[in-house]
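Everything below concerns the one structure shown next.
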DNA sequence: TTAAATAAATTGGTTAACCAGATTGGTTTT
DNA sequence: AAAACCAATCTGGTTAACCAATTTATTTAA
């Protein structure tokens with residue numbers, strides 16, 4: 001189990017190294033937008049890593065719009081200047097390992113907005129799903145069981161009702177990190193969970209009566225404790 | 236070129252189908268948290284797709300924390316209830332193809348926050364980088380050239396200065412989509428670009444004097460036109 | 001009959017071979 | 001001399017074989 005994690009970290013380190021090597025190569029060779037990168041096999045040989053690692057790194061840079069692979073042709077530098085290229089790669093390298101604080105800060109930002117949008121745009125079906133999630137959460141809390149998953153589902157239901165697919169995606173992306181950290185730090189004891197039922201209900205009611213301002217307020221109140229917890233952590 | 240896009244869409248469709256088949260299988264077989272999924276080879280045969288497709292789908296679900304692959308052992312259902320599993324998979328399936336409106340709405344939300352945070356947290360180095368990006372943007376606009384990339388870099392510099400790695404990541408993620416759509420719709424003519432110089436400068440100055448409220452206001456003003464443009468588009 | 005030992009089969013992960021299409025350089029033809 | 005053609009080569013993408021570790025089935029000893 002531990003080995004598994006180690007090798008994944010190793011893989012990430014290898015990928016970071018490859019990406020920075022690609023950046024160096026672009027700079028050293030003065031590759032401009034549209035220029036072709038060396039082939040995957042060449043890079044694999046030059047960097048002394050497997051071709052699979054090279055492909056992963058290229059796909060990551062392609063995801064961020066910096067490279068473009070064309071089958072049977074090659075991998076090309078995207079239409080972006082050298083300065084921008086360096087800046088974005090630097091960003092990408094610096095990324096990963098998001099701190100819990102960063103996740104929570106972003107989650108709060110997103111959820112204040114999704115609550116507001118959900119109050120504005122929710123359909124009857126959305127409301128029904130939110131209610132179901134709320135009931136499932138309350139049920140588990142009352143039984144004294146862990147309800148992190150149900151808590152999360154309630155918030156995701158709101159994200160869905162917001163009608164904004166990008167925010168919905170981002171909520172899904174930060175969800176695993178939130179869950180992991182919550183379970184790691186045991187942030188919620190049972191008292192907080194009981195309080196949470198009321199807070200969730202308040203949010204639900206605000207969305208039900210389609211009051212965006214109230215929904216945002218209630219969501220803010222719900223996050224107050226989380227916010228304080230988060231910012232009382234060591235830097 | 237067009238074929239390339241088609242095959243990528245095809246691949247996405249295949250992946251969506253596989254994911255929904257996995258969901259159906261979990262429901263039909265009543266797989267609970269900790270239970271083992273059939274092997275990749277078995278699924279590959281059952282769904283009549285290549286093992287690579289299966290692996291991709293599993294990795295995606297693993298990314299969202301729904302499955303966990305353990306080498307030489309199997310792929311297991313994560314510690315998440317059936318309802319949550321179905322909900323999240325439904326979300327994941329519904330995702331992709333973010334509408335431009337959704338991207339812009341999210342970008343505005345993020346950038347109002349990053350501008351504010353940048354004014355609060357920016358270092359002198361951050362400020363220097365923002366200034367450089369601003370100058371590069373102005374330079375290109377004055378020369379009458381396309382400055383979408385430089386525009387973007389200015390905003391990314393602010394995101395970096397915000398000190399929030401998650402928001403920084405999200406900005407990087409929506410960037411390709413923003414660029415593509417901007418170039419497709421030619422949203423910025425030269426007049427708008429010239430106006431943009433002033434607006435960018437205003438934002439920079441606010442961050443320089445570390446006035447978070449002003450920074451947010453100036454960013455809001457900068458996005459006013461984009462916002463209107465975005466919401467005047469056809470639904 | 002049971003438990004320990006061992007061999008066979010199964011697992012996700014990795015690597016190397018293969019594929020179709022694009023590119024390239026040289027040759028031929030006009 | 002230039003354009004057209006063609007075969008050899010190179011490209012990213014895909015597939016099938018392989019690997020080490022684990023799990024299961026079988027055998028053997030007590």
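Chains as they are written, first to last, in my numbering: chain A, 1 to 235; chain B, 236 to 470.
Don't be surprised by glycine CBs; every beta carbon is placed ideally from N, CA and C.
Excluding sequence positions up to five before and after residue 372 of chain B, its CB lies within less than 8 Å of the CB of 382, 385, 386, 388, 389, 431, 432 and 435, all in the same chain and listed in chain order.
Around residue 262 of chain B, the same chain offers 317 and 321 as residues with beta carbons nearer than 8 Å, after the five sequence neighbours per side are excluded.
Chain order gives the chain A residues near residue 326 of chain B as 156, 159, 160, 168, 169, 171 and 172, where near means a beta carbon separation below 9 Å. Classified as buried, residue 222 of chain A has 16 or more neighbouring CB atoms from the shown chains inside 10 Å of its CB.
In its chain, beyond the 5 residues on either side, 98, 100 and 103 have a beta carbon closer than 8 Å to the beta carbon of residue 177 of chain A. Contact between residue 446 of chain B and residue 354 of chain B holds, since their C-beta atoms are separated by about 6 Å, short of 8 Å. In this structure, DSSP gives residue 173 of chain A a helical state, which the three-state scheme calls helix. Contacts with chain A at 9 Å (Cβ-Cβ) do not include residue 287 of chain B. When A:74, A:51, A:94 and A:31 are compared, the shortest CA-CA separation from residue 13 of chain A is found for A:94. Proximity of chain A to residue 300 of chain B at the Cβ level (cut-off 7 Å) is accounted for by 175, 176 and 179, in chain order.
In its chain, beyond the 5 residues on either side, 31, 33 and 35 have a beta carbon closer than 6 Å to the beta carbon of residue 77 of chain A. Contact between the region 35–50 of chain A and the region 389–400 of chain B is absent: fewer than three C-beta pairs spanning the two stretches fall below 8 Å.
Partner residues in the beta bridge of residue 303 of chain B, as assigned by DSSP, are B:311.
For residue 349 of chain B, the enclosing alpha helix (DSSP H) stretches over residues 335–356. Against chain B, the CB of residue 110 of chain A has a partner CB under 9 Å away; the residue lies at that interface. Residue-level contact check: residue 265 of chain B does not touch chain A, since none of the beta carbons of chain A fall below 9 Å from its beta carbon. Against chain B, a Cβ distance below 7 Å from residue 113 of chain A picks out 344.
Residue burial annotation: residue 379 of chain B is exposed, with fewer than 16 other C-beta atoms found within 10 angstroms of its C-beta. At a Cβ-Cβ threshold of 9 Å, residue 58 of chain A and residue 22 of chain A count as neighbours. Non-local C-beta neighbours of residue 343 of chain B in its own chain, meaning closer than 7 Å and more than five positions away in sequence, comprise 458 and 462, ordered along the chain. Here residue 140 of chain A has 146, 147 and 150 as same chain residues with Cβ atoms under 8 Å from its own Cβ, once five neighbours each way along the sequence are excluded.
Distance between residue 367 of chain B and residue 429 of chain B, taken at the CA atoms: about 17 Å. Note: residue 36 of chain A is bridge-paired with A:76 in the DSSP secondary-structure output. Considering only beta carbons, no part of the region 436–465 of chain B lies closer than 7 Å to chain A. Counting other Cβ atoms within 10 Å of its Cβ, residue 346 of chain B reaches 16 or more and is therefore classed as buried. Under the 9 Å criterion on CB atoms, residue 294 of chain B is classed as non-interfacial with respect to chain A.
Scanning A:225, A:203, A:70 and A:229 for the CA closest to the CA of residue 217 of chain A turns up A:203.
By alpha-carbon distance to residue 406 of chain B, the top candidate from B:348, B:394 and B:362 is B:394. Within the region 135–152 of chain A, the residues whose Cβ lies closer than 8 Å to any Cβ of chain B are, in chain order, 136, 149, 150 and 152.
When DSSP states are grouped into helix, strand and coil, residue 452 of chain B belongs to the helix group.
As the crow flies, the alpha-carbon of residue 298 of chain B is around 13 Å from that of residue 310 of chain B. Secondary structure at residue 210 of chain A: coil, using DSSP grouped into helix, strand and coil. DSSP, reduced to helix, strand and coil, places residue 246 of chain B within a helical segment of the structure shown. Here the alpha carbon of residue 272 of chain B sits roughly 16 Å from the alpha carbon of residue 287 of chain B.
Here DSSP, grouped into helix, strand and coil, assigns residue 196 of chain A to helix.
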